[in-house]
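> At position 152 of the sequence shown the residue is numbered 151 (numbering that gives the first Met the number 0), and the sequence of numbers has no breaks.
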Amino acid sequence: MAAICVFCSSSEQIDPKYVLLAEELGTRLAAGGHTLVSGGARVSMMGAVARAARAGGARTLGIMPQVLIDIEIGDVESDELIIVDTMRERKRLMDERSDVFVTLPGGIGTFEELFEVWTAGSIGHHRKPVFLLEPDGFYDPLWAYLESLVDKGFVRQHALNYLQRVSTVDELFAAVEAG
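1) Taking the CB atoms as reference points, tell me whether glutamate 22 and valine 48 lie closer together than 8 Å.
2) Using the Cβ count rule (16 or more neighbours within 10 Å means buried), how would you classify isoleucine 3?
3) By alpha-carbon positions, which one of Lys151, Thr34, Glu115 ends up nearest to tyrosine 161?
4) Leucine 131 and threonine 102: beta carbons closer than 8 Å?
5) Under 8 Å, with one C-beta from each stretch per pair, do the region 79 to 93 and the region 145 to 152 reach the 3-pair mark?
6) Would you please state the rounded distance, in angstroms, between the beta carbons of alanine 1 and aspartate 139? I believe it to be under 8 Å.
7) For methionine 0, report the span of its alpha helix (DSSP H) as first-last.
8) Taking DSSP as the reference, what is the three-state secondary structure of valine 149?
9) Once DSSP output is grouped into helix, strand and coil, what is the label at valine 83?
10) Using CA atoms only, rank isn't needed, just tell me which of Gly73, Leu141, Glu170, Val75 is closest to phenylalanine 110.
11) With 16 other CB atoms within 10 Å as the buried threshold, where does alanine 57 fall?
12) Whole-angstrom Cβ separation of serine 43 and isoleucine 13, contact assumed at under 8 Å?
13) Along the chain, where does the beta strand (DSSP E) that runs through arginine 164 open and close?
14) Flag this pair as yes or no: are the beta carbons of valine 168 and arginine 27 separated by less than 8 Å?
15) Considering only their Cβ atoms, is the gap separating proline 134 from leucine 35 smaller than 8 Å?
16) Please specify which runs of the alpha helix (DSSP H), each continuous and at least 4 residues long, are wholly inside the region 90 to 138, giving them in chain order.
17) Specify, as a first and last residue, the run of the beta strand (DSSP E) that valine 36 falls within.
18) Checking the sheet assignment: what are the DSSP bridge partners for proline 64?
19) Using beta-carbon positions only, say whether proline 128 and tyrosine 17 come within less than 8 Å of one another.
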């Protein structure tokens with residue numbers, strides 16, 4: 000069983016289909032006996048993945064900076080909610096407590112978290128898998144841009160290959176559970 004860190008949106012202004020995707024991921028995570036590591040919010044996708052994971056019996060760990068407690072409303076139902084001082088401390092603990100990273104659709108915070116763990120993995124600071132889960136092509140424009148950076152010599156192909164794209168929750172867990 001893995002501790003799976005999920006990066007995703009905490010915005011409540013998004014299409015509800017993304018909240019349903021987060022719920023599906025949380026349900027499947029629990030069914031596989033995994034632990035959820037998240038940013039610790041109880042709203043939008045972050046809240047949905049945590050509630051679904053807990054409903055299925057998964058252990059949930061949320062890590063949130065104090066400054067975001069009032070903005071994103073901390074998930075006080077988490078099995079463990081760690082309040083930290085800074086975003087850097089949050090990411091450090093998320094990195095340390097996770098075996099796998101999964102990125103769902105999200106905004107700049109999600110991008111920042113994704114790029115940090117992906118970069119660290121691609122240069123050998125960790126050997127943890129990093130996934131993009133995008134059933135509707137959400138990241139297609141970003142992926143096209145990243146491929147253009149490879150073509151222009153700014154990104155090495157092996158670095159791009161480190162980031163694994165999957166289209167479905169089943170495809171994600173098949174890869175996670177295959178090791």
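All C-beta atoms in this analysis are idealised placements derived from N, C-alpha and C, irrespective of residue type, glycine included.
Note that this is a predicted model, so its numbers are computed, not measured.
If we stick to the structure as given:
1) Judged by their CB atoms, glutamate 22 and valine 48 are nearer to each other than the 8 Å cut-off.
2) buried
3) Glu115
4) Cβ distance < 8 Å, so leucine 131 and threonine 102 count as in contact.
5) no
6) 27 Å between Cβ atoms; not a contact.
7) For methionine 0, no alpha helix (DSSP H) run applies, since DSSP gives it neither H nor E.
8) helix
9) strand
10) Ranking the options by Cα distance to phenylalanine 110, first place goes to Leu141.
11) buried
12) 7 Å
13) 162 to 165
14) yes
15) No, they are not a contact pair.
16) 107 to 121
17) 34 to 37
18) According to DSSP, proline 64 shares a beta bridge with Val83.
19) no
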